[in-house]
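Chemist: One structure is given below, represented as structure tokens, and several questions about it will come after.
Protein chains: 2
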Amino acid sequence: MATLQSDKPMRQQVEEYISTLQEEIVAAFEALDPSAPKFKRDAWVRPQGGRGLSCVFAVPHPSSPAAAQQPAHTNTVLEKAGVNISIVHGSLPPAAVKQMRADHGSLKDLDVDEKGALPFFAAGISLVIHPRNPHAPTVHANYRYFEIADKVAQASTGSAPSQQPQGTVLAWWFGGGSDLTPSYLYESDAAHFHTTLRDAAASHGAALYPVLKKWCDEYFYIPHRGEARGIGGIFFDDLCDEDHKTFSAFGEVGGESADKGRPRSAEAILKMVKDLGNAFVPSYVPILKQRSSTPYTEAERRWQLLRRGRYVEFNLVYDRGTRFGLLTPGARIESVLMSLPEEARWEYMSDMGALGTREAEVQEVLQKPRVWVQ
Amino acid sequence: MATLQSDKPMRQQVEEYISTLQEEIVAAFEALDPSAPKFKRDAWVRPQGGRGLSCVFAVPHPSSPAAAQQPAHTNTVLEKAGVNISIVHGSLPPAAVKQMRADHGSLKDLDVDEKGALPFFAAGISLVIHPRNPHAPTVHANYRYFEIADKVAQASTGSAPSQQPQGTVLAWWFGGGSDLTPSYLYESDAAHFHTTLRDAAASHGAALYPVLKKWCDEYFYIPHRGEARGIGGIFFDDLCDEDHKTFSAFGEVGGESADKGRPRSAEAILKMVKDLGNAFVPSYVPILKQRSSTPYTEAERRWQLLRRGRYVEFNLVYDRGTRFGLLTPGARIESVLMSLPEEARWEYMSDMGALGTREAEVQEVLQKPRVWVQ
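Protein chains in written order, with this note's numbering: chain A, 1 to 374; chain B, 1001 to 1374.
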């Protein structure tokens, strides 16, 4: 199968993979909580080019007309969740191309002002799961593929986005990651999550997990709070066949350059993305299953909502994907903001936990990222 | 008194005024709901220079230790409120000075890179009131004075911030405004709020209210939602003795240039700020008093929390003051973020009100700002 697949354009390989992964992930959550409402499947078309499928879990608010038509669901495993894919193409404004040149040597010599807007293609899966139980962590994962093409061919609507005519590909790259955000720390959960990702990365170079783990800690950081969003995972961006500054800066692992030893061809990076993407369900679902039956108090629910306020702060103030989506004309805002929790809370000078409490324990680990697995 | 006051430096006049206004506003809210807990007064000192006083209203969460020590307050008029003043000084990084040059001719010829950081002074009052009742609107007001000085004298800590030695003032300006954000539209409330502000502005030029009203509609806008944050009020920035592009662009009012007819000296602008600041209590407190006794349902509370989600989106994504505060090292984050509501809610594709509902009514006015008073 691998040989057959590699004959297809990368665009199409990515589109097929993220569609399959989305189905598997949604099926895993639905199997975990059979009496809960199903995910709502919401297919959409982008007028400027492309399509998407949002799979969203929510329980109607008790006061809404929808709630009157079905039994009350106040004890579902999930509180709000979204597992979305999008495959879009269009024109990238010169300013955006300029910004991307820094990370892509193949774009460096491009006279952007002369060229004007350039065609782009982007395909990705993005998910955020907010469970109801404060002892069950929130999780986020995202894998995406990006192409910038020459102006030779114009994208047109109609056929499948990944099979549209395209110009010469000037640059391509992969990005993604997966990270865990608990309200209460369970060290065994953190170790399980990181171990699963480390093992999935193992066949792609000794440096891969350590580089992606460090990168994740650095990216999911809330400077104005002086704390991480969660207990980390993996993160990467701008991964292609050119030298990569983050991997290069990491130096050597086991006598080999971290940048040389990582996957570098598009096929090799896609293989890595698939291994990491396939690790999502085993990295998270067992944790969710175990923590969802833990009894909890009103005080623990309040703490969860305060921590969700911080999640909102990170996503709206710093997250590049969210901000890019909000500032893109024609973006599907409901999909961009599906990452926000159903409820969040802000208290002035709120008590973040006295020494020795379980609240202080998680604050401590957010302020000082730990190594969870070697 | 007016002649005596004008002998004082503008810094000191502003510091005195905002302190008095803060006391009056807090007193008005405390008088309105005598059985509620008092505002918490929280004085702070900024290590890099300056001080502040945060006056904050909150009811301890029922599950918190603080709640056990006092009777439950589940029916207060306010849910969360902050009335803050800050008087700070320090060094403005070259990048920030550069950004300000566009609006201030006196800074234009300054070679920022050569000069490096410049001393600044900023004094302001900032308030956000989130009432508990969904029929009572949220309100925001802010008045501030800013100075950029030459490098001649270094600010030192110790004495009152506004009385510290200063270099030559290179630029100064006032900014501010006040705006109303209802979850449910009461046309009479909107008319009362705007009428009170219009009347307070009346003696400062015929163009003042119309310019500041339009400016407010443009500033408090959430592009990704295609809607205003609320039903407006007034907004202004960079007001000094130089020509002002926003007033100039407005053209003539009653045969006179809007920019020529507005207050232009520091003394005249301060007088205007005082009249607008003093109008806060009469513009808002009568509305709050009337709406706080309206019975409300769970469905109306849900709607209020959804609208508060939008408020969070505006403040974290677009509000210049909030973003400036979040990105400023050493800023007092708890004061910067006191504008956020105690609770907010996000639903995927949430029902924003069917035609003819009271929810749709407010959505309509947010999408199409109205003239509330001539």
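The beta-carbon is built from N, C-alpha and C at its ideal position, and this holds for glycine as well.
Computed from a prediction, not measured in an experiment: that's the story for all the values here.
#1: When the Cα atoms are used, what is the spatial distance from arginine 46 of chain A to glycine 1254 of chain B?
#2: Report yes or no: do the region 1317-1336 of chain B and the region 39-57 of chain A share at least 3 C-beta pairs separated by less than 8 Å?
#3: Out of curiosity, what's the CA-to-CA distance linking lysine 1040 of chain B and glutamate 298 of chain A?
#4: Could you tell me whether the region 1167-1185 of chain B touches the region 1328-1338 of chain B, where touching means 3 or more Cβ pairs closer than 8 Å?
#5: Suppose you measure from the CA of phenylalanine 250 of chain A to the CA of phenylalanine 324 of chain A; what does that come to, to the nearest Å?
#6: Looking at C-beta atoms only, is the number of pairs between the region 260-271 of chain A and the region 342-352 of chain A that lie closer than 8 Å three or more?
#7: Taking tyrosine 1311 of chain B as the query, report the chain A residues whose CB atoms sit under 7 Å from its CB, ordered along the chain.
#8: Classify proline 1263 of chain B as helix, strand or coil using the three-state DSSP reduction.
#9: From serine 1232 of chain B to phenylalanine 174 of chain A, what distance separates their C-alpha atoms?
#10: Within 8 Å of any Cβ in chain A, is that where the Cβ of serine 1064 of chain B sits?
#11: On a Cα-Cα basis, can you pick out the residue from B:Leu1212, B:Ile1125, B:Tyr1221 that is closest to phenylalanine 1247 of chain B?
#12: Within its chain, find whatever has a CB closer than 6 Å to the CB of asparagine 1142 of chain B; leave out the 5 residues flanking it on each side and keep chain order.
#13: So, does the CB of proline 1047 of chain B fall closer than 8 Å to a CB anywhere in chain A?
#14: For leucine 107 of chain A versus arginine 101 of chain A, is the C-beta distance shorter than 8 Å?
#15: With a CB to CB cut of under 6 Å and the five nearest residues on each side skipped, what residues in its chain are close to threonine 196 of chain A?
#16: Which same chain residues end up closer than 6 Å to tyrosine 1145 of chain B when comparing Cβ atoms and leaving out the 5 residues on each side of it in sequence?
#17: Which partner residues does asparagine 1133 of chain B have in the DSSP bridge list?
#18: Does glutamine 367 of chain A come within less than 8 Å of chain B when only Cβ atoms are used?
#19: Can you check which of these residues, A:Ile129, A:Cys240, A:Ser292, is closest to methionine 272 of chain A by C-alpha distance?
#20: Just checking: is the beta-carbon of glutamate 361 of chain A within a distance shorter than 8 Å of some beta-carbon in chain B?
#21: Considering only C-alpha positions, which residue in the set B:Leu1316, B:Glu1256, B:Ala1027, B:Val1285 is nearest to phenylalanine 1193 of chain B?
#22: Using a C-beta to C-beta distance shorter than 7 Å, which residues of chain A count as neighbours of valine 1317 of chain B?
#23: According to the Cβ coordinates, are phenylalanine 1121 of chain B and aspartate 1179 of chain B closer than 8 Å?
#24: Could you work out which residues of chain A lie near glycine 1082 of chain B, taking near to mean beta carbons separated by less than 7 Å?
#25: Counting only beta-carbon atoms, is arginine 1345 of chain B nearer than 8 Å to chain A?
#26: When you compare the CB positions of tyrosine 311 of chain A and arginine 370 of chain A, do they come within less than 8 Å of one another, or not?
#27: Would proline 1131 of chain B be called buried (16 or more neighbouring beta carbons within 10 Å of its own) or exposed?
#28: Which residues in chain A sit within 8 Å of threonine 1297 of chain B, going by Cβ to Cβ distance?
#29: For a quick check, are the C-beta atoms of glutamate 79 of chain A and glutamate 334 of chain A less than 8 Å apart?
Modeler: For this structure:
#1: Here residue 46 of chain A refers to the residue found at position 46 of the first sequence. Here residue 1254 of chain B refers to the residue found at position 254 of the second sequence. Each residue's alpha carbon lies about 48 Å from the other.
#2: no
#3: As a first step, residue 1040 of chain B must be located in the second sequence, where it is residue number 40. As a first step, residue 298 of chain A must be located in the first sequence, where it is residue number 298. Using only the alpha carbons, I get a separation of about 25 Å.
#4: no
#5: Residue numbering aside, residue 250 of chain A sits at position 250 when the first sequence is read from its first letter. Residue numbering aside, residue 324 of chain A sits at position 324 when the first sequence is read from its first letter. Each residue's alpha carbon lies about 28 Å from the other.
#6: no
#7: If you number the second sequence from 1, residue 1311 of chain B lands on position 311. Simply none; closest approach about 11 Å.
#8: Along the second sequence, one-based indexing puts residue 1263 of chain B at 263. Coil at proline 1263 of chain B, not helix or strand.
#9: Walking along the second sequence from the start, residue 1232 of chain B turns up at place 232. Walking along the first sequence from the start, residue 174 of chain A turns up at place 174. Note on residue identity: the sequence assigns glycine, not serine, to residue 1232 of chain B. Going from the Cα of glycine 1232 of chain B to the Cα of phenylalanine 174 of chain A covers about 44 Å.
#10: Translated into the one-based positions of the second sequence, residue 1064 of chain B becomes position 64. By this cut-off, serine 1064 of chain B is an interface position.
#11: What you label residue 1247 of chain B is simply residue 247 of the second sequence in a count that begins at 1. It is B:Leu1212 whose Cα lies nearest to the Cα of phenylalanine 1247 of chain B.
#12: Position 142 of the second sequence, counted from the first residue, corresponds to residue 1142 of chain B. Only Ser1126, Gly1176 meet the Cβ criterion.
#13: The residue you call residue 1047 of chain B lines up with position 47 of the second sequence. It does not; no Cβ of chain A falls within 8 Å.
#14: Residue numbering aside, residue 107 of chain A sits at position 107 when the first sequence is read from its first letter. Residue numbering aside, residue 101 of chain A sits at position 101 when the first sequence is read from its first letter. Closer than 8 Å, so yes.
#15: As a first step, residue 196 of chain A must be located in the first sequence, where it is residue number 196. The answer, listed in chain order, is Ala279, Pro282, Ser283.
#16: By 1-based counting over the second sequence, the position of residue 1145 of chain B is 145. Cβ within range, chain order: Val1014, Ala1123, Phe1174.
#17: As a first step, residue 1133 of chain B is located in the second sequence; it is residue number 133 there, counting from the start. In DSSP, asparagine 1133 of chain B forms no bridge with anything.
#18: Stepping through the first sequence from its first residue, residue 367 of chain A is reached at position 367. No, its Cβ sits nowhere closer than 8 Å to a Cβ of chain B.
#19: Reading the first sequence from its first residue, position 272 is the one you call residue 272 of chain A. Comparing Cα-Cα distances from methionine 272 of chain A to each of A:Ile129, A:Cys240, A:Ser292, the minimum goes to A:Cys240.
#20: For the purposes of this step, residue 361 of chain A is identified with residue 361 of the first sequence, where counting begins at 1. Cβ-Cβ to chain B under 8 Å: no for glutamate 361 of chain A.
#21: What you label residue 1193 of chain B is simply residue 193 of the second sequence in a count that begins at 1. If we check each option's Cα against that of phenylalanine 1193 of chain B, B:Val1285 comes out closest.
#22: Numbered from 1 along the second sequence, position 317 holds the residue referred to as residue 1317 of chain B. Result: Leu316, Leu326.
#23: Along the second sequence, read from residue 1 onward, the residue named residue 1121 of chain B stands at position 121. Along the second sequence, read from residue 1 onward, the residue named residue 1179 of chain B stands at position 179. Not a contact, by the Cβ cut-off of 8 Å.
#24: Mapped onto the second sequence, residue 1082 of chain B falls at position 82. Neighbours of glycine 1082 of chain B on chain A, chain order: Tyr348.
#25: Position 345 of the second sequence holds residue 1345 of chain B. By this cut-off, arginine 1345 of chain B is an interface position.
#26: As a first step, residue 311 of chain A must be located in the first sequence, where it is residue number 311. As a first step, residue 370 of chain A must be located in the first sequence, where it is residue number 370. In this structure, arginine 370 of chain A does not lie closer than 8 Å to tyrosine 311 of chain A by Cβ.
#27: Along the second sequence, one-based indexing puts residue 1131 of chain B at 131. Answer is buried; the Cβ neighbour count reaches 16.
#28: On the second sequence, position 297 is the one that residue 1297 of chain B refers to. Neighbours of threonine 1297 of chain B on chain A, chain order: Ser63.
#29: Numbered from 1 along the first sequence, position 79 holds the residue referred to as residue 79 of chain A. Numbered from 1 along the first sequence, position 334 holds the residue referred to as residue 334 of chain A. No, these two residues do not count as a Cβ contact at 8 Å.
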